[in-house]
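Number of protein chains: 2
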Amino acid sequence: MTRWLDEDEQRTWRNFLATSELLYAALDRQLQRDAGITHASYIVLAMLSEAPDRSLRMSDLAVKANSSPSRLSHAVARLEARGWVRREPAPQDGRGTVAVLTDAGWQMLADTAPGHVTAVREHLFDQLTPEQVRALGDICATVLDGLDPNRVARPC
Amino acid sequence: MTRWLDEDEQRTWRNFLATSELLYAALDRQLQRDAGITHASYIVLAMLSEAPDRSLRMSDLAVKANSSPSRLSHAVARLEARGWVRREPAPQDGRGTVAVLTDAGWQMLADTAPGHVTAVREHLFDQLTPEQVRALGDICATVLDGLDPNRVARPC
DNA sequence: CTTAGATAGTTGAGCCTTCAAGTAAAGGAG
DNA sequence: CTCCTTTACTTGAAGGCTCAACTATCTAAG
Numbered sequence: 067m068t069r070w071l072d073e074d075e076q077r078t079w080r081n082f083l084a085t086s087e088l089l090y091a092a093l094d095r096q097l098q099r100d101a102g103i104t105h106a107s108y109i110v111l112a113m114l115s116e117a118p119d120r121s122l123r124m125s126d127l128a129v130k131a132n133s134s135p136s137r138l139s140h141a142v143a144r145l146e147a148r149g150w151v152r153r154e155p156a157p158q159d160g161r162g163t164v165a166v167l168t169d170a171g172w173q174m175l176a177d178t179a180p181g182h183v184t185a186v187r188e189h190l191f192d193q194l195t196p197e198q199v200r201a202l203g204d205i206c207a208t209v210l211d212g213l214d215p216n217r218v219a220r221p222c
Numbered sequence: 067m068t069r070w071l072d073e074d075e076q077r078t079w080r081n082f083l084a085t086s087e088l089l090y091a092a093l094d095r096q097l098q099r100d101a102g103i104t105h106a107s108y109i110v111l112a113m114l115s116e117a118p119d120r121s122l123r124m125s126d127l128a129v130k131a132n133s134s135p136s137r138l139s140h141a142v143a144r145l146e147a148r149g150w151v152r153r154e155p156a157p158q159d160g161r162g163t164v165a166v167l168t169d170a171g172w173q174m175l176a177d178t179a180p181g182h183v184t185a186v187r188e189h190l191f192d193q194l195t196p197e198q199v200r201a202l203g204d205i206c207a208t209v210l211d212g213l214d215p216n217r218v219a220r221p222c
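Protein chains in written order, with our numbering: chain A, 67 to 222; chain B, 67 to 222.
Given below as structure tokens:
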């Protein structure tokens, strides 16, 4: 027998769905309008910018960007065409590819990040108390661990 | 000057993003595999199934499904082609359209809902305590209210 | 009654994502 | 060394979403 959602669960589920969809859509619109880039692509650049040598293996980048290999491959192809990312063969492994953030990509991030952070703050963190921020972080960490157990555990 | 995210905010933001993306992707895959339907389309059917006469004006349905008018229009067109939804002109307003869930659509929901609820429970609610469920609901309600103030307030 | 503006919904083009299939190199067994 | 399996990534086609433009109807002002 199916165990249906109780009232609290129902409410939480609908609020969560609405929040993630509307929040994501709002951020996507802001980035698209101000920088002509998708939120998904922005994250790809952001993850590269934090990595040593501003470069990452495609598979590692895919994990950090919550992306499937295929999606990342297409996204990096588009970013490469715009001159923001470059691809090189991976050393030590002939199968691999490393994506590298170019100077133009770095510059574009530097120009775009302030507006984006402001939007995130406005829509999300300005609404919440520090306790709620920590609680939300904990809850998501728990759920994440159930979705993909090797995620948090890995040394990074 | 941009106020960057502090450590707690950073962590929460990344966990939230990863959670919503991976959770959504998992549910989408489950529905696609078991029922050949997108999560977004499933929600459209689910919202119709709860409405009086199993029918809603397109604009009301769009709000309930967190969808833009255009997205909903396309989605309903696809659902109509599959025989799960029917469109009728709205009474009293020649501009309007009401979407109606057909018997076939109702049946398809009845077949699909158990598996979907099980997946939601497994990925989300089985991981959380009742207190966390309520806390998450409250946090999302707060954020939602900031994103779209007329949302909660409306009498429904 | 006429007209200007707002509202409801649809459409098509272009972009993004998914899925399945394909290439190529690495690793491991015999 | 050879073959087989696994891993890493890419590709093309099909489908969904976004944006801007369009049609039709309603509302309100004069």
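Each residue gets a CB set at the ideal place from its N, CA and C atoms; glycine is no exception.
Would you mind reading off the limits of the alpha helix (DSSP H) that contains residue i?
i	result
A:Arg17	The question about residue 17 of chain A has no answer here: the residues shown for chain A are numbered 67 through 222.
A:Ser125	124-130
B:Gly212	196-213
A:Trp79	73-101
A:Met113	105-116
A:Ser133	Careful: A:Ser133 lies outside any alpha helix (DSSP H) and carries neither H nor E.
Under the DSSP definition of a beta bridge, which residues are partnered with residue i?
i	result
A:Glu154	A:Val164
B:Ser121	B:Val166
Does any residue of chain B have a CB that is nearer than 8 Å to the CB of residue i?
i	result
A:Pro155	no
A:Thr178	no
A:Trp70	yes
A:Ile103	no
A:Asp100	no
A:Ala84	yes
A:Arg137	no
A:Ala147	no
A:Ala128	no
A:Ala185	no
A:Ala165	no
A:Arg77	yes
A:Leu114	no
A:Gln158	no
I think residue i touches residue j, with their Cβ atoms under 8 Å apart; what is that distance to the nearest whole Å?
i	j	result
B:Trp70	A:Val183	6 Å
A:Leu210	B:Ala84	6 Å
B:Asp214	A:Leu88	6 Å
B:Leu114	B:Leu167	4 Å
A:Ile255	A:Ala131	Outside the shown range of chain A (67 to 222) lies residue 255 of chain A, about which nothing can therefore be said.
A:Leu145	A:Ser107	6 Å
A:Ser133	B:Ser86	About 14 Å; that fails the 8 Å criterion.
State the Cα-Cα distance for the pair residue i and residue j, rounded to the nearest angstrom.
i	j	result
A:Val186	A:Ala179	10 Å
B:Thr223	A:Asp204	One cannot answer for residue 223 of chain B here, as it falls past the ends of chain B, which runs 67 to 222.
B:Ser136	B:Val142	10 Å
B:Asn81	A:Arg95	21 Å
A:Cys222	A:Ser125	Interpretation of A:Cys222 is limited by its pLDDT of 34, a score under 50 that renders its predicted location unreliable; no figure is taken from the coordinates.
A:Glu188	B:Leu122	33 Å
A:Ala219	A:Val129	Note on A:Ala219: pLDDT 44, under 50, position unreliable in the model; the coordinate value appears next. So the two alpha carbons sit approximately 13 Å from each other.
B:Asp192	B:Val199	10 Å
A:Leu97	A:Met174	12 Å
A:Thr78	B:Leu202	6 Å
A:Gly171	A:Arg99	18 Å
A:Gly212	B:Leu190	8 Å
A:Glu197	A:Val164	39 Å
B:Glu75	B:Asp119	45 Å
B:Pro157	B:Thr208	36 Å
B:Glu116	B:Arg152	16 Å
B:Asp159	B:His140	21 Å
A:Leu111	B:Arg217	34 Å
B:Arg161	B:Glu154	11 Å
Beta-carbon of residue i versus every beta-carbon of chain A: anything under 8 Å?
i	result
B:Gln173	no
B:Gly223	Given that chain B is displayed from residue 67 to residue 222, the structure contains no residue 223 of chain B and the question cannot be resolved.
B:Asn216	no
B:Glu87	yes
B:Leu213	yes
B:Thr168	no
B:Cys222	Any reading at B:Cys222 needs caution, since the residue's pLDDT is 34, under 50, leaving its predicted position unreliable; the model's value is listed next. By this cut-off, B:Cys222 is not an interface position.
B:Arg95	no
B:Val110	no
B:Ala219	Note on B:Ala219: pLDDT 44, under 50, position unreliable in the model; the coordinate value appears next. No, B:Ala219 lies away from the interface with chain A (no Cβ there is under 8 Å from its Cβ).
B:Ala141	no
B:Leu202	yes
B:Glu73	no
B:Val151	no
B:Pro196	yes
B:Ala117	no
B:Leu210	yes
B:Leu122	no
B:Ala92	yes
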